[in-house]
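Read the structure below first, then the notes.
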Amino acid sequence: MTFSIVARDSYSFGVAVASKFLAAGAYVAAAEAGVGAVASQAFSNLAYRPAALAHLREGRSASETVALLTASDDDRESRQVGVVGRSGPGATFTGANCLDWAGGRSGEGYAVQGNILAGEEVVLAMERAWLTCPAGTVGTNNSFAWRLLHALEAGDHAGGDRRGRQSAALLVASPGAGYGGSDVAVDLRVDDHPRPLEELRRLLSLHDFYFGQPDPASSLPLEGEVLEEAARLLELLGFGPVGSSAKAVSTALAQWASMENLEMRYAGGPAVDPVVFGFLRERAAAAQV
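The numbering of the sequence shown is our numbering, which starts it at 509 and goes up by one.
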């Protein structure tokens, strides 16, 4: 009833999953920065997730982890699981009792799997999409997350879950890459939607907007015309700086950015992210309508 990919990108690990099942992301995915990722599905054994991460933390390979998970499970023939660890190939397991079509593929740093699929082409398409889309070529931020979504979309385009669509989720764990310096870089879920992958793509775009890391090379110095425009726009929005100095404008701009939930992109300083400055212009223009 589900198709998923687990994958590694250096010390980052992620899971992307879609299903004709309510809130599949709540039951399938788990990942830990610097450790690994797991997708437990079909007749999902929720205990596989913490157990898999524990085995990987101890230095077990993905294949060893899958073997340990299934060996002690009397219902293993109804399970499906994919695992990727710190190094080496990923591993996938499909029990003999999983409903057709069911199966998986794995290789260096990834595993794809699915059950109740339109056919084998679903996992083959996901694997091709993953292997032919190098890191950094999809999306503007969180390129690893976009690459995972790209693979998931390829599976959906190839037929996906043969019963239809309902939910999708994306989880990425990366050292210090999340909000406030946490390791949860991306954690997005679409629990019930007629077009869950379209909605997940929209949410990932919003995630990039709010939490994307600014590029220092493209930052706009708060001086000259930029400083003057920022002061004027902030005044229109009710955040007029106390004084016209760069420090005063920077303080007012940081207060406004925090109110707009953009503190990950701008928290003060002598230069501003052009994404933040562009949004400031949009907000000020809307305020004058």
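Ideal Cβ positions, reconstructed from N, Cα and C, are used throughout, including at glycine.
Just so it is clear, the structure is predicted and the values come from calculations on it, not from any experiment.
The beta strand (DSSP E) with residue i in it runs from where to where?
i	result
E540	A537 to E540
V589	R587 to V592
Which residue or residues does DSSP assign as beta-bridge partners of residue i?
i	result
R516	F521
S527	T510 and S675
N623	T510
R613	V620
A599	V591
T549	Just to set this straight, residue 549 is Gln in the shown sequence, not Thr. Answer by DSSP bridge pairing, in chain order: Q588.
V780	L728
G786	Bridge partners of G786: none, in fact.
G544	E540
Start and end of the alpha helix (DSSP H) containing residue i?
i	result
S571	A570 to A579
R636	E629 to L639
G663	S651 to H665
R670	R670 -> no alpha helix (DSSP H), and no H or E assigned at all.
Q763	A754 to M767
R773	Here R773 belongs to no alpha helix (DSSP H), and DSSP marks it neither H nor E.
A560	Y556 to R565
Are there 16 or more other CB atoms within 10 angstroms of the CB of residue i, so buried, or fewer, so exposed?
i	result
T640	exposed
G668	buried
G617	buried
V797	exposed
L770	buried
S726	exposed
D700	exposed
G663	buried
S753	exposed
D716	buried
D723	exposed
R613	buried
E566	exposed
V543	buried
R703	exposed
R516	buried
G590	buried
L657	buried
G598	buried
Q721	exposed
A579	exposed
R653	The residue asked about is misnamed: residue 653 is Ala in this sequence, not Arg. Its Cβ being crowded by 16 or more others within 10 Å, A653 is buried.
R789	exposed
A793	exposed
Any beta strand (DSSP E) of 3 or more consecutive residues that is wholly inside the region 673-742: 675-681 and 692-698
Any 3 or more C-beta pairs closer than 8 Å across the region 550-566 and the region 669-687: no
How do the region 661-676 and the region 516-535 stand: do at least 3 beta-carbon pairs fall below 8 Å, yes or no? A contact exists between the region 661-676 and the region 516-535.
Could you check whether the region 573-583 touches the region 624-636, counting it as contact only if at least three pairs of C-beta atoms, one from each stretch, sit closer than 8 Å? no
Given 8 Å as the limit, is there contact between the region 619-627 and the region 510-520, that is, 3 or more CB pairs closer than that? yes
Across the region 754-768 and the region 727-743, are there enough close Cβ pairs to call them in contact, namely three or more that are closer than 8 Å? yes
Cβ contact check for the region 738-745 and the region 706-725: 3 or more pairs under 8 Å: By the Cβ criterion, the region 738-745 is not in contact with the region 706-725, since fewer than three pairs of Cβ atoms, one from each stretch, lie closer than 8 Å.
Taking three-plus beta-carbon pairs below 8 Å as touching, is the region 532-543 in contact with the region 653-663? no
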